[in-house]
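> Heads up: the sequence shown begins at 131 in our numbering, then just goes up one per residue.
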Amino acid sequence: MDHKIRVLVAKPGLDGHDRGAKVIARALRDAGMEVVYTGLRQTPEMIVNAALQEDVQVIGLSILSGAHNAIVPRVMELLKDKQMTDVLVIVGGIVPDEDAASLKRLGVAAVYQPGASLEEIVEFIRSSVKQAA
């Protein structure tokens with residue numbers, strides 16, 4: 131692969147715990163990806179604008195607060211408004227199975243719950259970005 135996969139990892143909403151997001155960011159970096167970590171308390175608008183500015187192929191949202199049903203639809207709407215529908219969106223955190231299914235119907239590529247394998251996430255991103263290229 132000539133170009134590194136560029137991933138934006140974001141912590142939307144009022145969630146103040148970012149250890150998991152930092153673990154994911156480090157695992158993706160260690161796997162050879164370029165990672166931009168936005169930090170805590172990001173709005174959907176801030177996330178999508180950063181994704182546009184950084185020209186990322188993947189957005190990873192880490193949500194532990196339970197606000198995924200409000201935040202993720204807004205992120206997906208903003209991506210569509212900015213014609214960024216080719217950006218792969220994955221969500222990690224505390225997401226019940228029924229909510230994960232509804233997020234996927236909105237266009238989220240994958241939802242990872244606690245205990246997900248870092249290798250599985252890395253391989254999913256690699257294969258998904260490769261298929262889209």
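Yeah, the Cβ is synthetic: ideal placement off N, Cα and C, and Gly gets one too.
(1) Short of 7 Å in beta carbon distance, which residues of its chain neighbour P226, apart from the five on each side in sequence? Order them along the chain.
(2) Note down, in chain order, each residue of its chain lying with its Cβ closer than 8 Å to the Cβ of E184, except the 5 sequence neighbours on either side.
(3) Please classify R218 as buried or exposed, where buried requires at least 16 neighbouring CB atoms within 10 angstroms.
(4) Considering only residues of the same chain and omitting the five flanking positions on each side of A246, which have a CB-CB separation below 8 Å?
(5) Can you check which of these residues, I189, G143 and L170, is closest to V178 by C-alpha distance?
(6) Which word fits D160, buried or exposed, when buried means at least 16 other C-beta atoms lie within 10 angstroms of its C-beta?
(7) Excluding the 5 residues flanking V186 on each side, which residues of the same chain have their C-beta closer than 7 Å to its C-beta?
(8) Using DSSP with H/G/I as helix, E/B as strand and the rest coil, what is I177?
On the basis of the data shown:
(1) Translated into the one-based positions of the sequence shown, residue 226 becomes position 96. Same-chain partners within the cutoff: there are none.
(2) On the sequence shown, residue 184 is found 54 positions in, with the first residue counted as 1. Closer than 8 Å at the Cβ level, and outside the excluded window around E184, lie R136, L138 and V166.
(3) Start at 1 with the first residue of the sequence shown, and residue 218 comes out as number 88. Checking the displayed sequence, the identity of residue 218 turns out to be Leu instead of Arg. Buried, by the Cβ-count rule.
(4) Counting from 1 along the sequence shown, the entry for residue 246 is found at position 116. Contacts found: G222.
(5) If you number the sequence shown from 1, residue 178 lands on position 48. Checked all of I189, G143 and L170; the closest Cα to V178 is I189.
(6) Counted from its first residue, the sequence shown places residue 160 at position 30. With fewer than 16 other Cβ atoms within 10 Å, it is exposed.
(7) Translated into the one-based positions of the sequence shown, residue 186 becomes position 56. Once the five neighbours on either side are set aside, the close Cβ partners of V186 are R136, V137, L138, V166 and V217.
(8) For the purposes of this step, residue 177 is identified with residue 47 of the sequence shown, where counting begins at 1. Reduced to three states, the DSSP call for I177 is helix.
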